[in-house]
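Chemist:
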Amino acid sequence: MLHRESGVFKTSYAADMALYPLPIARKAVALIIVLFAVVLPLSLDEYYLSVVNLVLIAIVGALGLNILVGYTGQISVGHAAFMSVGAYTAANLAVHLHLPFWLTLPAGGLMAALIGAIVGIPSLRIKGLYLAIATLASQLIIEWIINHTPAISGGAQASIQVPRPEFMGREIKTQGQLYFFLLFFAVLATLATLNLVRSRIGRAFVAIRDQDIAAEIIGINIFRYKLLSFAISSFYAGVCGVLYTYYFGIANYEAFQIGVSIDFLAMIIIGGLGSVLGTILGATFVTMLPIVLRLAMEPLGGLFFNAGQLSSIIASTRLILFGCLIILFLVVEPEGLNRLWRNIRNYFRVWPFSY
Amino acid sequence: MWDELQFSLSLIVSGLSIGLMYSLIALGFVLVYKATDAINFAQGEFVMLAGFVAAVALGDKVPVLAAVAIAVAVMVVFSFALERVVLRPLLGRPIVAVIMATIGLGAILRGLPAITVGGQTRALSLPIGDTPFVFGPIFLPPIQVLGVVVTLAFLGIFSWFFLKSRMGIAMRAVADNQQVAMAMGINVERYFALAWAMAGIVSALGGVIWGSMLGVDTQLALVGLKVFPVVILGGLDSIVGAVVGGLIVGVVESLAAGYLDPYVGGGTKDFAPYVLMIVALMFKPYGLFGTHRIERV
Amino acid sequence: MLKLKSWRTAAMAAGAVVLSASAAQAQDKEIVVGLQCDRTGPTQLVGTALCPGYHDYIDLVNSKGGIEGFKIRVIEIDNEYKVPPAMEAHERFKKEGAVLEGIYGTPQTAALSKKLDEDKILGTSPGFGTAAAADGKRYPYVFPIAASYWSQGAAAVQFAKKELGGSLKGKKIAYLFYDNPAGKEPLAVLEDLSRSEGFELRTFAVPAPGVEMAAQVLDITGRFRPDFVIAHLFGRSPSVSIKELKGKGYPLSKVISLVWGSSEADIQAAGGYEVAEGYHTMQFAGVGSDFQVIKDIDAMYKAQGKSPPKEQAISVYYNRGLVTAAVHLEAIRNAIKAKGGAKPTSEDVKKGMEAVKDFTLGGMVPPLQVTPEDHEGGGWVQVWTVKGGKLVKDGEWFQAYRDVIMKHLAAIN
Chain B
1 MLHRESGVFK
11 TSYAADMALY
21 PLPIARKAVA
31 LIIVLFAVVL
41 PLSLDEYYLS
51 VVNLVLIAIV
61 GALGLNILVG
71 YTGQISVGHA
81 AFMSVGAYTA
91 ANLAVHLHLP
101 FWLTLPAGGL
111 MAALIGAIVG
121 IPSLRIKGLY
131 LAIATLASQL
141 IIEWIINHTP
151 AISGGAQASI
161 QVPRPEFMGR
171 EIKTQGQLYF
181 FLLFFAVLAT
191 LATLNLVRSR
201 IGRAFVAIRD
211 QDIAAEIIGI
221 NIFRYKLLSF
231 AISSFYAGVC
241 GVLYTYYFGI
251 ANYEAFQIGV
261 SIDFLAMIII
271 GGLGSVLGTI
281 LGATFVTMLP
291 IVLRLAMEPL
301 GGLFFNAGQL
311 SSIIASTRLI
321 LFGCLIILFL
331 VVEPEGLNRL
341 WRNIRNYFRV
351 WPFSY
Chain Y
1 MWDELQFSLS
11 LIVSGLSIGL
21 MYSLIALGFV
31 LVYKATDAIN
41 FAQGEFVMLA
51 GFVAAVALGD
61 KVPVLAAVAI
71 AVAVMVVFSF
81 ALERVVLRPL
91 LGRPIVAVIM
101 ATIGLGAILR
111 GLPAITVGGQ
121 TRALSLPIGD
131 TPFVFGPIFL
141 PPIQVLGVVV
151 TLAFLGIFSW
161 FFLKSRMGIA
171 MRAVADNQQV
181 AMAMGINVER
191 YFALAWAMAG
201 IVSALGGVIW
211 GSMLGVDTQL
221 ALVGLKVFPV
231 VILGGLDSIV
241 GAVVGGLIVG
251 VVESLAAGYL
261 DPYVGGGTKD
271 FAPYVLMIVA
281 LMFKPYGLFG
291 THRIERV
Chain E
1 MLKLKSWRTA
11 AMAAGAVVLS
21 ASAAQAQDKE
31 IVVGLQCDRT
41 GPTQLVGTAL
51 CPGYHDYIDL
61 VNSKGGIEGF
71 KIRVIEIDNE
81 YKVPPAMEAH
91 ERFKKEGAVL
101 EGIYGTPQTA
111 ALSKKLDEDK
121 ILGTSPGFGT
131 AAAADGKRYP
141 YVFPIAASYW
151 SQGAAAVQFA
161 KKELGGSLKG
171 KKIAYLFYDN
181 PAGKEPLAVL
191 EDLSRSEGFE
201 LRTFAVPAPG
211 VEMAAQVLDI
221 TGRFRPDFVI
231 AHLFGRSPSV
241 SIKELKGKGY
251 PLSKVISLVW
261 GSSEADIQAA
271 GGYEVAEGYH
281 TMQFAGVGSD
291 FQVIKDIDAM
301 YKAQGKSPPK
311 EQAISVYYNR
321 GLVTAAVHLE
331 AIRNAIKAKG
341 GAKPTSEDVK
351 KGMEAVKDFT
361 LGGMVPPLQV
371 TPEDHEGGGW
381 VQVWTVKGGK
391 LVKDGEWFQA
401 YRDVIMKHLA
411 AIN
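Protein chains in written order, with my numbering: chain B, 1 to 355; chain Y, 1 to 297; chain E, 1 to 413.
Structure below.
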C-alpha cells in the first residue's frame, strides 16, 4: 500500500520540475542523508571507513564515465588517463604553487576536461569499437607523456607527494575526516549529474546515443555536444584523480592504467548504463567485491589451507568470480543492478496487488 | 652508412615477422567479428589458454604434434561452449555488453591456471632449435619463421574459404544479414559455431607459437592488446586487413623503437601504431580494408 | 531452495563461532605481521615463489615454538601490483594490529611511505622501492633492508669493471631497462659513474609489458655493440631479453642482470640453462638449497607427511622470501628482548629493526647492518653465474661505490 503518486498534486512549475517531487522520495532521501552523514561514520571503524572512502572516490569517476558511455553512447576506454591528468595537475599545483585543495581540485578537473575534449575530436568521424580503440590510444599516449616529462611527473620516480588538504586550518588526515571530505564531493557529483541529465544538454546527449544522424537532422550540433560530453566526463575523471591523490597522499601514474579504465567500465555496465543510481550501485559493487570476497574466504579457507596457498587461491578466485559475475549480470540482467532495483521498487509500488 | 642501412633493414625485417605474429592473433578476432559481429576482448586470454594446454601437455611428455592437436581440440570445444553458453543469450544487446562479457570471460580465464595447474611460468619448447637463421645482418629465430609460415598459410586458406567455398560464402551471407540468410535456408547457428571453431583453431596455433616465444603464464594474455591497432587499422572484418594491418603495425613499432626511442627516452613503440591508426581512421573510418557501414536513420 | 539457504547460513554461523573462539584464545601470545604479494599481476613470476618462502620460514619458526614464546600470524594480501589494493591492504594490516609489513612493488612503496610514517608501522622493500629510503632519517618507517636499485646499479658497474680487466675507460656499457620508475631508479648513479669511470653509457628503454624488445636489442647488438650490458628488467621481460640477446648473437657472459631478472624461473622461461649459459645474475640473498634453514624446512614438511614445496626450485625468489621473513623476525626478536619479554608495538619493532646486525642465517643473508641512519643495511650483493646447467656462485658478498651512493642520498635529501 505504498501508492506513491496518488494524492500528490503540483501547483507550480517549480514543484513539477523538482528533483524529488514526491513526498515519499523526499523522506527517503532525507533518511539516506542522515544515514550517511551521521550513522555511518560513527558506527564503522577505520578499516571499513577506508573501504567506503574508496567507494566514494570511485562513484565520482564512474558518474563521469556514465555520462559519456551511458547517456551519450560513446565508448571510452581511456578514463583512467584523464584521472591521471587531473591527479598530476593538482599535485604539481599543490607542491609548486602551494595552492589549497579547493583551487587544485577544479584546476585538475578543468585540465582533464581540456584534454578530454581534444581526445574527443576523432569522435566526429569514428564510431563504435573504432572510437573505443582510439580512446585506448589516448590512454597509452597520455600515460607515456606523463611518464616521460619530468616537468609533469616530478622526476624519475614519477610520483609526487602532496600535503594533506586543509580545511579551516586543520589537516584532513584520518579516515573519518577524509570520509566527510569525499562524501561532500560524491554528493556534489551525484546532484550535478542528476540535474545534467534532466537538462537540455542531457537530452541532447541521449538523442545522440539513440540516433545521432536523426539528432543532427533536427538541429542538434552533434559535434559540439559530443565534445561537451567528453569534456564533462573527463572533468569528473580529473576530479576523481585529484581525490585519489589527496586520499593516498601521492600522485602516481601507475595507479591509473588500462586495468583501472576497464574497472570503471565494469562499474557502469554492472550498475546499469544510463542511470545515476545504477552507477552508484555498480561502483560500490565493483570496488567492494575483492574486499568482501577476501573477508568471506579467509575464515572459511583458513580451515582448509595454510596462509600461503590461501592467498593464491583467493587471488585466482577473485578473478574468476569477477568474470562470472559480470557475465551473469550481462546474461541475466543486461540493464544491470539498476533494473534489479527498479523491479523491486515496481513490485512494492502496487503491493499488495500484482498490477 | 652501410651500418645504418643494415640496421634499418634488420629493423624492418624484424618488424615484418613480428607483425605477422600479431596478424595470427588478429585473425582469430577478425574471424569471429566477420561471421558473428561479436567483439572478442578476450582474444589474448584465448591464446593464453591454448598456450597452457600445450605447455601442460608437453610437460607431461606428450609428443609435440599430439600436444598441438590437443590444444586445437580443446580450443575448438571451448569456442563451441562459449558461443552457446555466453554469446547466444547476448545476441542483439548493445556492443558494450558483448565487450564486457568477453572481458569478464578473460578474467575467468586468467584466474583458472593458478588454481588448476599452478601459475608458475612454463616454457613451451618446440623441437625447432634456437639458432637463428642468419641472412647477413638479419637474424630470424626459427620460431618466428614458423609463425610467418603458419600465418601466411592461414591467410591463403581463409581467403580461399571465404571467396570460393560454399561454406565460406554462406558465412559471409550470415554476417551480412542474418534474417535473410535464415530465410534462404542457411542454418545460422551452425555457421556461428563454425566461425568460433575456426577462431579457436587460429588461437590454438597462436598460443603455441607465442607461448614458445614468450613462455606461458597468465601474462601471455597481454599480447591480446596488440590485436586492436592491427584490426582497427586493417578493418574489423577483413582477413587481408588483419595481415596487412599486422605488417604495418609491426614495422612501425620496430622503426619507432629503433629510431624514435633514443631521442625521447623510450616507449614510443607502444603508441606509435595507435597514432598511425588514429590518423588512418580520420581518412578511412572503417579501417583500410573494412566494410563501410551504411547507417540508416 | 529455502532449505539450502538455511543450511548454508547455519554452517557459516557455526564456523564463525568456532573460529572466533579459537581466535580469542590465541591473540595474546600472537604477533601479527602483514605481507603484500603479487600473485596475479605482472610480476606474479616473482610473487608466486617469494611469498611461499616467507610463509615457510614463519611456519618453521612457529613449529619450533615461535619467537621468544610468541607465535607469528601472517596476513597476506594480493595487491596485483596495483596501488589502491596496496593501500587497502595496509589499512587491513593496521586494523589487525600488525607490527610490521612487507610491501611489494616500487610504486606501492612510494605510495605508502607517508602512511607508514603516519601510522608508525614499518614497511620493508628488499631489493626494490625508493633508493632514497635508505636514509633512515628522512624515511623513518621505510626499510629497504637489502641493496636498493642504486646499490645494485653501482654493483653492476663494479662487476663489469672487474670482468673487463679492471678499467672501464673508453669502454661502452648499455643499460637495458624496463620503462617505469623502478627501471629508471639506477640511472642517476649510472650516469654519475660513467663520468667518473670514463665509460660511454647508453640507455635502452623497454616499455611495458616488456615482452617485446627486438628493436632495442637490435640497436644494442647491431649498432651500439657495447662491451657490457646491464639489464634491469622484471616480470616476463628478463627471459625475453635472454632469448633476444642470445638470438642476435650477443654473448650472455657480457650481461649482468639486476636482482629481479636473475632467477631460475627467468632462465627456465627463456628456454633453460643451455640457452642462458654465461648469464650473470645479481642476488641479495643466497641461492640454491644448500642451507641449513632449507633443510630444516624440508624436515618440517616431511614430518607433516608432505614433500617440500615446488617453489623451492625457484630458489632465488623463494630464498628472498625466507630472508625477508628472517629479518622481520629478527627485528621482532630484538623488540621483544628490549621490552623484557612483553608483546611489542610497531614502534618497538621499528627500533628492533634498526638494531639488526650480525645476522646471516647460515650465509643466506648478507652481512646486514641496519642502523637508524642506514635503513638499507649496506647494500650487499653477490653475483651468481649460469655455468654448466646451473647457477654457480661467482664471488663473495660485496658492496660497491658506497661513497657515490651516500653522495646521492645526501643530495636528494
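Don't be surprised by glycine CBs; every beta carbon is placed ideally from N, CA and C.
Compare the C-beta of A89 of chain E against all C-beta atoms of chain B and say whether one is closer than 7 Å.
Modeler: Residue 89 of chain E sits at position 89 when you count from the first residue of the third sequence. For A89 of chain E, the answer is no, since every Cβ of chain B falls outside 7 Å of its Cβ.
Chemist: Assign N195 of chain B to buried or exposed, taking buried as 16 or more other Cβ atoms, counted over all protein chains shown, within 10 Å of its Cβ.
Modeler: Here residue 195 of chain B refers to the residue found at position 195 when the first sequence is read from its first residue. Result: exposed.
Chemist: From this set, E:K306, E:I405, E:V323, E:I256, which residue's C-alpha is nearest L164 of chain E's C-alpha?
Modeler: Residue numbering aside, residue 164 of chain E sits at position 164 when the third sequence is read from its first letter. Among E:K306, E:I405, E:V323, E:I256, the Cα nearest to that of L164 of chain E is on E:I256.
Chemist: Count the other CB atoms within 10 Å of the CB of V80 of chain B; is the residue buried (16 or more) or exposed (fewer)?
Modeler: Along the first sequence, read from residue 1 onward, the residue named residue 80 of chain B stands at position 80. As written in the sequence, residue 80 of chain B is Ala, which differs from the Val given in the question. It is buried - the Cβ of A80 of chain B has at least 16 other Cβ atoms within 10 Å.
Chemist: Just to confirm my understanding: we take E376 of chain E, look at its own chain, exclude 5 residues before and 5 after, and list those with CB closer than 6 Å. What are they?
Modeler: Position 376 of the third sequence, counted from the start, is the residue given in the question as residue 376 of chain E. Residues of the same chain with a CB within less than 6 Å of the CB of E376 of chain E, apart from the 5 flanking positions on each side, are A134, P144, S148 in chain order.
Chemist: Below 9 Å between beta carbons is the criterion; list the residues of the stretch 243-277 of chain Y that meet it against any residue of chain B, in chain order.
Modeler: V264, G265, G266, G267, T268, D270, F271, P273, Y274, V275, M277
Chemist: So what does G102 of chain E bridge to, in DSSP terms?
Modeler: Here the question's residue 102 of chain E lines up with position 102 in the third sequence. Answer is E:L35, E:T124, bridged to G102 of chain E.
Chemist: Using a Cβ cut-off of 7 Å (strictly closer), state whether R125 of chain B contacts chain Y.
Modeler: Residue numbering aside, residue 125 of chain B sits at position 125 when the first sequence is read from its first letter. Closer than 7 Å: yes.
Chemist: Out of B:P165, B:I126, B:G274, point me to the one whose CA is closest to A91 of chain B's CA.
Modeler: What you label residue 91 of chain B is simply residue 91 of the first sequence in a count that begins at 1. It is B:P165 whose Cα lies nearest to the Cα of A91 of chain B.
Chemist: Counting pairs of Cβ atoms below 8 Å between the stretch 237-247 of chain E and the stretch 180-190 of chain E, do you hit three or more?
Modeler: Contact between the stretch 237-247 of chain E and the stretch 180-190 of chain E is absent: fewer than three C-beta pairs spanning the two stretches fall below 8 Å.
Chemist: Pull up the DSSP beta-bridge partners for T281 of chain E, would you.
Modeler: Against the third sequence, residue 281 of chain E aligns to sequence position 281. Answer is E:S257, E:W384, bridged to T281 of chain E.
Chemist: Along chain B, in chain order, which residues have C-beta atoms closer than 9 Å to that of R299 of chain Y?
Modeler: In the structure as shown, chain Y starts at 1 and stops at 297, and residue 299 of chain Y therefore has no counterpart that could be examined.
Chemist: Flag A265 of chain E as yes if its beta-carbon sits less than 7 Å from any beta-carbon of chain Y, otherwise no.
Modeler: Sequence index remark: in the third sequence, residue 265 of chain E carries index 265 (1-based). Put simply, the CB of A265 of chain E is near chain Y, with a gap under 7 Å to one of its CB atoms.
Chemist: Return the chain-ordered list of same chain residues with a C-beta closer than 7 Å to the C-beta of V386 of chain E, the five sequence neighbours on each side being excluded.
Modeler: Residue 386 of chain E sits at position 386 when you count from the first residue of the third sequence. The answer, listed in chain order, is I267, Y273, A276, E277, G278, Y279.
Chemist: Distance, Cα to Cα, Y130 of chain B vs P229 of chain Y?
Modeler: Looking up residue 130 of chain B in the first sequence gives position 130. Looking up residue 229 of chain Y in the second sequence gives position 229. Distance between the alpha carbons of Y130 of chain B and P229 of chain Y is about 10 Å.
Chemist: Could you spell out where the beta strand (DSSP E) holding V206 of chain E opens and where it closes?
Modeler: Walking along the third sequence from the start, residue 206 of chain E turns up at place 206. Here the beta strand (DSSP E) through V206 of chain E covers 200-206.
Chemist: Taking just the CA atoms, how far does E76 of chain E sit from A335 of chain E?
Modeler: Translated into positions along the third sequence, residue 335 of chain E becomes position 335. Translated into positions along the third sequence, residue 76 of chain E becomes position 76. Spanning the two alpha carbons is a distance of roughly 22 Å.
Chemist: Note down, one range per segment and in chain order, each alpha helix (DSSP H) of at least 4 residues found wholly within the stretch 225-290 of chain B.
Modeler: 258-271
Chemist: Taking 7 Å as the threshold (C-beta atoms), are K248 of chain E and T221 of chain E in contact?
Modeler: Within the third sequence, the letter at position 221 stands for residue 221 of chain E. Within the third sequence, the letter at position 248 stands for residue 248 of chain E. Cβ distance < 7 Å, so T221 of chain E and K248 of chain E count as in contact.
Chemist: I need the DSSP call for Q219 of chain Y, collapsed to helix, strand or coil.
Modeler: Counting from one through the second sequence, the residue named residue 219 of chain Y turns up at place 219. Correct three-state label for Q219 of chain Y: helix.
Chemist: Near V260 of chain B, what residues of its chain come up, given a Cβ to Cβ distance below 7 Å and the 5 sequence neighbours on each side ignored?
Modeler: Taking the first residue of the first sequence as position 1, residue 260 of chain B is located at position 260. Excluding residues within five positions, the ones whose Cβ falls inside 7 Å are A80.
Chemist: Around the Cβ of S14 of chain Y, are there at least 16 other Cβ atoms within 10 angstroms (buried) or fewer (exposed)?
Modeler: Here the question's residue 14 of chain Y lines up with position 14 in the second sequence. Its Cβ being crowded by 16 or more others within 10 Å, S14 of chain Y is buried.
Chemist: Taking DSSP as the reference, what is the three-state secondary structure of E185 of chain E?
Modeler: Along the third sequence, read from residue 1 onward, the residue named residue 185 of chain E stands at position 185. If DSSP states are grouped into helix, strand and coil, E185 of chain E belongs with coil.
Chemist: Between which two residues does the alpha helix (DSSP H) harbouring L159 of chain B extend?
Modeler: Along the first sequence, one-based indexing puts residue 159 of chain B at 159. In the sequence as presented, Leu is not what sits at residue 159 of chain B; that position holds Ser. It is not in any alpha helix (DSSP H) - S159 of chain B instead sits in the beta strand (DSSP E) that spans 159-161.
Chemist: In the structure shown, what three-state DSSP assignment does A147 of chain E receive?
Modeler: For the purposes of this step, residue 147 of chain E is identified with residue 147 of the third sequence, where counting begins at 1. If DSSP states are grouped into helix, strand and coil, A147 of chain E belongs with coil.
Chemist: Helix, strand or coil for K64 of chain E per DSSP?
Modeler: Counted from its first residue, the third sequence places residue 64 of chain E at position 64. In this structure, K64 of chain E counts as coil in the three-state DSSP scheme.
Chemist: Could you name the residues that DSSP lists as bridge partners for I173 of chain E?
Modeler: Within the third sequence, numbered from 1, the residue matching residue 173 of chain E stands at position 173. Beta-bridge annotation (DSSP): I173 of chain E is paired with E:L201, E:F228.
Chemist: What residues from the stretch 29-51 of chain E come within 8 Å of chain B, judged by C-beta to C-beta, listed N to C?
Modeler: Answer in chain order: C37, R39, T40, T48, C51.
Chemist: Under a CB-based cut-off of 7 Å, is F228 of chain Y close to chain B?
Modeler: Along the second sequence, read from residue 1 onward, the residue named residue 228 of chain Y stands at position 228. Output row for F228 of chain Y: interface = yes.
Chemist: Since D119 of chain E and K171 of chain E are thought to touch, with beta carbons under 8 Å apart, how far apart are those beta carbons, to the nearest angstrom?
Modeler: Counting from one through the third sequence, the residue named residue 119 of chain E turns up at place 119. Counting from one through the third sequence, the residue named residue 171 of chain E turns up at place 171. With 8 Å as the limit, D119 of chain E and K171 of chain E do not qualify as a contact, their Cβ atoms being about 47 Å apart.
Chemist: In this structure, how does DSSP classify E76 of chain E when only helix, strand and coil are distinguished?
Modeler: Looking up residue 76 of chain E in the third sequence gives position 76. Three-state result, E76 of chain E: strand.
Chemist: Could you check what DSSP says for Q25 of chain E in three-state terms: helix, strand or coil?
Modeler: Sequence index remark: in the third sequence, residue 25 of chain E carries index 25 (1-based). Note that Q25 of chain E scores a pLDDT of 48, beneath 50, so its modelled location is shaky; the value from the coordinates is reported in the next line. Here Q25 of chain E sits in helix by DSSP.
Chemist: Measuring only the C-alpha atoms, how far is D374 of chain E from G136 of chain E?
Modeler: Within the third sequence, residue 374 of chain E is the residue found at index 374, counting from 1. Within the third sequence, residue 136 of chain E is the residue found at index 136, counting from 1. The straight-line gap from Cα to Cα measures roughly 5 Å.
Chemist: Pair every Cβ in the stretch 48-56 of chain Y with every Cβ in the stretch 250-262 of chain Y, then say whether three or more of these pairs are closer than 8 Å.
Modeler: no
Chemist: Alpha carbons only, please: which of Y:V77, Y:G250, Y:K226, Y:M282 is nearest the one belonging to I126 of chain B?
Modeler: Along the first sequence, one-based indexing puts residue 126 of chain B at 126. Checking every option, the nearest Cα to that of I126 of chain B belongs to Y:M282.
Chemist: Would the beta-carbon of D78 of chain E fall within 7 Å of that of S50 of chain B?
Modeler: Position 78 of the third sequence, counted from the first residue, corresponds to residue 78 of chain E. Position 50 of the first sequence, counted from the first residue, corresponds to residue 50 of chain B. Their beta carbons are not under 7 Å apart, which means D78 of chain E does not touch S50 of chain B by this criterion.
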